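Be aware that the sequence shown starts at 269, since it is given in our numbering, and climbs by one per residue.
For glycine and all other residues, C-beta sits at the position ideal for the given N, C-alpha and C.
Remember, it's a predicted structure, so these values are computed and weren't measured experimentally.
Heads up, the thing below is written out as structure tokens.
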Amino acid sequence: MNKKLGAIAMLLSATGMGLVGTISRGTTAGLADADKSVIGSFLAFGRMTVGLLGFILILVLTKKTGLFRRTRLSPTVILGGVAIGLSLGCYISSTLMTSIANAVFLIYTGPLFCALLARIFRKEKISVLSGIFLSLVFVGMLLTIGIIDFKNGSLTFGLDLSTSSPEFPQKKLGDLLGLLSGVFYGLAMFFYGYRKDVDSVVRGVWNFFWAASATLAMSVILKPWHGVASFTVTNWMWALALFLVCGLFALGFLVVAGRNLPAVEYSTISYWECPVAILCGLIVWGEKLTPVGMVGGLLIVGGGLAPIILDAVTRKSRASEA
């Protein structure tokens with residue numbers, strides 16, 4: 269285990285992930301709003317397909333084709349791939365319809381849904397402290413999508429789907445897609461908790477195969493072909509950058525990080541995606557964070573990071589005592 273290599277790889281991977289919103293907007297420049305609401309499925313399909321090809325190459329280079337054939341496929345492996353594919357399809361559309369900050373904050377509600385599923389189906393215990401952190405993430409989600417807001421000097425409750433702006437005429441739909449991406453992300457994390465006996469490269473191939481299949485099915489249902497047909501050469505160049513940078517590059521380094529970092533450090537560094545995405549929104553697109561949105565985002569990121577940091581501190585103190 270090379271922790272320095274793992275940390276660098278995770279930073280590069282999280283940076284690539286954080287660029288999804290910006291590169292997706294370059295890819296869809298000039299498209300109608302109606303096309304942007306469904307194009308995420310096609311872009312996610314391209315991203316997952318390139319990731320699949322990359323993992324097949326890794327499988328061949330590491331001479332694990334025999335292991336791949338011998339590994340038993342199970343429903344949880346399939347569902348994990350399907351869930352992550354649907355998550356990224358919703359996430360890309362979300363970045364096109366709402367602020368990048370909102371989209372990235374909402375997908376990181378995934379750990380909340382994962383924890384709830386693990387409690388219900390695997391009977392995993394949630395400590396009081398963990399419950400507090402999950403509550404922070406939940407409240408942050410409500411603030412981010414506007415169910416809890418602060419207007420005219422008082423708190424308001426409820427979701428107004430008619431709310432929009434000249435910049436984001438379908439903002440509420442974008443926020444809901446962002447939340448849906450978080451739900452599917454949580455499902456993927458939940459399913460990843462099963463079949464830990466499967467080799468990481470082998471699982472990666474199956475993961476992206478089923479993710480690509482899910483996003484292809486999503487594309488067939490949503491029919492983003494009008495938007496795809498209107499792509500210019502420039503749009504296709506941006507799309508290729510999305511597939512390579514946010515697909516092969518980011519996902520390839522994710523494998524390197526996973527093999528060289530403990531889970532705690534791996535999870536902590538992955539949150540680098542949030543500031544990368546937010547900075548892109550602020551600098552490249554001139555987006556502004558509302559005070560309520562900032563509080564919501566801080567609660568989501570803080571609630572997600574706190575247990576990871578506390579776990580690392582606890583492990584370190586135990587090791588020093590021993």
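Three-state secondary structure assigned by DSSP to residue i
i: Phe-406; result: helix
i: Leu-578; result: helix
i: Asp-467; result: coil
i: Phe-499; result: coil
i: Ile-394; result: coil
i: Ala-482; result: helix
i: Glu-589; result: helix
i: Ala-226; result: One cannot answer for residue 226 here, as it falls past the ends of the chain, which runs 269 to 590.
i: Pro-543; result: helix
i: Lys-331; result: coil
i: Asn-270; result: coil
i: Trp-553; result: coil
i: Tyr-462; result: coil
i: Glu-435; result: coil
i: Pro-559; result: helix
i: Leu-444; result: helix
i: Lys-584; result: helix
i: Leu-566; result: helix
i: Leu-512; result: helix
i: Leu-519; result: helix
i: Leu-529; result: coil
i: Ile-276; result: helix
i: Ile-537; result: helix
i: Ile-400; result: helix
i: Ile-413; result: coil
Nearest residue (CA-CA) to residue i, options the options
i: Ile-489; options: Leu-287, Leu-354 and Leu-299; result: Leu-354
i: Thr-412; options: Gly-446, Phe-381, Ala-312 and Met-316; result: Gly-446
i: Ala-482; options: Phe-418, Val-350 and Val-345; result: Val-350
i: Ala-479; options: Ala-275, Lys-304 and Ile-346; result: Ile-346
i: Asp-443; options: Asp-465, Ile-415, Lys-419 and Leu-423; result: Ile-415
i: Asp-301; options: Asn-370, Phe-436 and Ile-368; result: Phe-436
i: Leu-484; options: Ala-312, Leu-508, Gly-515 and Phe-511; result: Ala-312
i: Phe-323; options: Val-524, Asn-528, Gly-399 and Ile-368; result: Val-524
i: Gln-438; options: Val-318, Lys-304, Thr-283 and Thr-296; result: Lys-304
i: Val-405; options: Phe-477, Leu-320, Gly-564 and Ser-588; result: Gly-564
i: Thr-608; options: Leu-547, Gly-554 and Val-581; result: Residue coverage of the chain in this structure runs from 269 to 590, which leaves residue 608 outside it and unanswerable.
i: Leu-321; options: Ile-352, Leu-423, Asn-503 and Val-469; result: Val-469
i: Met-562; options: Ile-368, Gly-319 and Val-501; result: Ile-368
i: Tyr-407; options: Arg-586, Leu-573 and Ile-568; result: A quick correction: the sequence has Val, not Tyr, at residue 407. Ranking the options by Cα distance to Val-407, first place goes to Ile-568.
i: Pro-492; options: Gly-314, Met-278, Gly-571 and Ile-352; result: Gly-314
i: Val-552; options: Phe-425, Thr-317 and Gly-286; result: Gly-286
i: Thr-290; options: Gly-378, Leu-441, Gly-319 and Phe-511; result: Phe-511
i: Pro-530; options: Gly-454, Thr-296, Ala-580 and Gly-319; result: Ala-580
i: Thr-363; options: Gly-572, Gly-549 and Glu-589; result: Gly-549
i: Arg-293; options: Val-473, Leu-397, Ile-388 and Ala-371; result: Ala-371
i: Lys-419; options: Val-501, Glu-589, Val-560 and Leu-279; result: Val-560
i: Arg-471; options: Ser-398, Thr-295 and Gly-319; result: Gly-319
i: Gly-461; options: Ile-326, Tyr-359, Pro-379 and Thr-317; result: Pro-379
i: Ala-277; options: Gly-554, Tyr-539, Ala-518 and Ala-545; result: Ala-518
i: Ser-398; options: Thr-317, Ile-537 and Gly-570; result: Gly-570
i: Met-316; options: Phe-459, Thr-582, Trp-474 and Ile-400; result: Trp-474
i: Thr-339; options: Val-306, Val-466 and Phe-401; result: Val-466
Backbone CA spacing between residue i and residue j [nearest angstrom]
i: Ser-395; j: Ser-403; result: 12 Å
i: Trp-506; j: Ala-275; result: 28 Å
i: Arg-390; j: Thr-344; result: 13 Å
i: Ala-386; j: Leu-410; result: 22 Å
i: Leu-299; j: Asn-270; result: 44 Å
i: Met-486; j: Gly-357; result: 8 Å
i: Gly-421; j: Thr-558; result: 15 Å
i: Phe-452; j: Ala-383; result: 13 Å
i: Val-496; j: Tyr-534; result: 36 Å
i: Ile-375; j: Ser-449; result: 5 Å
i: Ser-342; j: Met-457; result: 16 Å
i: Phe-336; j: Pro-434; result: 50 Å
i: Glu-541; j: Lys-331; result: 32 Å
i: Leu-516; j: Ser-361; result: 20 Å
i: Ser-281; j: Gly-520; result: 8 Å
i: Thr-366; j: Val-288; result: 14 Å
i: Phe-373; j: Arg-463; result: 29 Å
i: Val-575; j: Pro-543; result: Checking the sequence shown, residue 575 turns out to be Pro, not Val. Cα-Cα distance, rounded: 19 Å.
i: Leu-455; j: Thr-424; result: 30 Å
i: Ser-588; j: Leu-578; result: 15 Å
i: Leu-325; j: Gly-554; result: 39 Å
i: Asp-417; j: Leu-566; result: 15 Å
i: Phe-310; j: His-494; result: 11 Å
Residues bridged to residue i [DSSP beta-bridge criterion]
i: Leu-423; result: Phe-418
Proximity test, residue i beta-carbon vs the ligand GTP heavy atom, cut-off 8 Å
i: Trp-474; result: Of the ligands one can find in the structure shown there are none, so the ligand GTP has no counterpart to examine.
Item to check | Entirely enclosed alpha helix (DSSP H) segments - the segment 339–383, minimum 4 residues | outcome: 343–365 and 368–375
Next on the checklist: Suppose only complete runs of 4+ residues qualify. What are the alpha helix (DSSP H) ranges in the segment 283–325, listed by chain order?
Outcome noted: 288–295
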